[in-house]
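K.L.:
Here's a structure for you.
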Amino acid sequence: MINTWRTSSRSANHGGQCVEIGGGPDTVAIRDSKNRTGGQLTPAVPAFSAFIAAAQRGELDRPGMR
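In this text, residue positions in the sequence shown follow UniProt numbering: the first is 1, and each later residue adds one.
The structure is reproduced here in structure tokens:
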């Protein structure tokens, strides 16, 4: 069970268009902030770390987004 969830500091509080991230050293969980009981994605930690790194490098941006 994940006890602490976070949203991005860039998330708007009024739109409900966010995901929340929770976890610990060996676990990552992702859920929809609008439907917190609707299930979670639980990727492997190395895969999630690679996803975040690719996003930070801009590799996942749609054309024309940067």
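Backbone N, C-alpha and C fix where the C-beta goes; we use that ideal spot for every residue, glycine too.
Can you list, in chain order, the residues of its chain with a C-beta nearer than 8 Å to that of Gly39? Leave out the 5 residues immediately preceding and following it.
P.N.:
Arg31.
K.L.:
Could you spell out where the beta strand (DSSP E) holding Ile21 opens and where it closes?
P.N.:
Unbroken beta strand (DSSP E) run through Ile21: 19-24.
K.L.:
Write down the C-beta distance between Val28 and Thr37 rounded to the nearest angstrom, noting that I regard them as a contact closer than 8 Å.
P.N.:
In fact, because the Cβ distance is near 19 Å, the residues do not count as touching under 8 Å.
K.L.:
How many whole angstroms separate the CB atoms of Ser9 and Glu20, which I take to be in contact at a CB cut-off of 8 Å?
P.N.:
Wrong, their Cβ atoms sit about 13 Å apart, outside the cutoff.
K.L.:
Could you have a look at Ala29 and say whether DSSP puts it in helix, strand or coil?
P.N.:
If DSSP states are grouped into helix, strand and coil, Ala29 belongs with the strands.
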